[in-house]
Amino acid sequence: MFKEKLEDYTEEEFLNFLGGLRSTMKDGKPLKGKELEMYWDSLVDHFIEITQHPSGSDLIFYPKSQGDDKPENILKIVKEWRVHRGYPCLKTLNKVDNKTIYGTSSRLANAMMLIT
625 MFKEKLEDYT
635 EEEFLNFLGG
645 LRSTMKDGKP
655 LKGKELEMYW
665 DSLVDHFIEI
675 TQHPSGSDLI
685 FYPKSQGDDK
695 PENILKIVKE
705 WRVHRGYPCL
715 KTLNKVDNKT
725 IYGTSSRLAN
735 AMMLIT
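Residue numbers are given in the numbering used here: position 28 of the sequence shown equals residue 652, and the series is strictly consecutive.
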């Protein structure tokens, strides 16, 4: 269900993952009570593990600024933090000379420098 590392996710996949934290559905099935709680717990635990951000679940539940709990802003905060520390980030899909390059953002930057 979950990917092993953050760099295994594309931005779209990670945004969908974050959207699951606001949903009461899993695989098209409505969840309630303990089952829903366990599902959300698994999402939060995975988020903490793969992002490695020191604020952990506070990024989701106790944002520093209003609106920072939106998936797009959580993604931005995590990306900026990881890039600043030189950690691999999300998988990117880019075309260079009509060839698709798959890789994490830091690897992609190196690959693009070699091509040009």
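Note that beta-carbon positions come from the ideal geometry of N, C-alpha and C, so glycine has one too.
Can you tell me which of the three DSSP states Pro654 falls into? strand
Nearest-angstrom Cα distance between His677 and Pro695? 15 Å
Quick one: any contact between the segment 650-670 and the segment 697-712, if contact means 3 or more CB pairs under 8 Å? no
Who are the near neighbours of His670 in its chain, counting only those whose CB is closer than 7 Å to its CB and skipping five residues on each side? Phe626
Taking the continuous alpha helix (DSSP H) assigned at Phe641, which residues delimit it? Glu635 to Gly643
Whose CA, out of Ser679, Gly652 and Arg646, lies closest to the CA of Asp665? Arg646
Considering only the beta carbon of each residue, do Glu628 and Leu699 sit closer than 8 Å? no
Using a Cβ-Cβ cut-off of 6 Å (strictly less than) and excluding sequence neighbours within five positions of Leu655, which residues of its own chain qualify? Thr648 and Tyr663
According to the Cβ coordinates, are Thr675 and Leu714 closer than 8 Å? No, the Cβ-Cβ distance between Thr675 and Leu714 is not below 8 Å.
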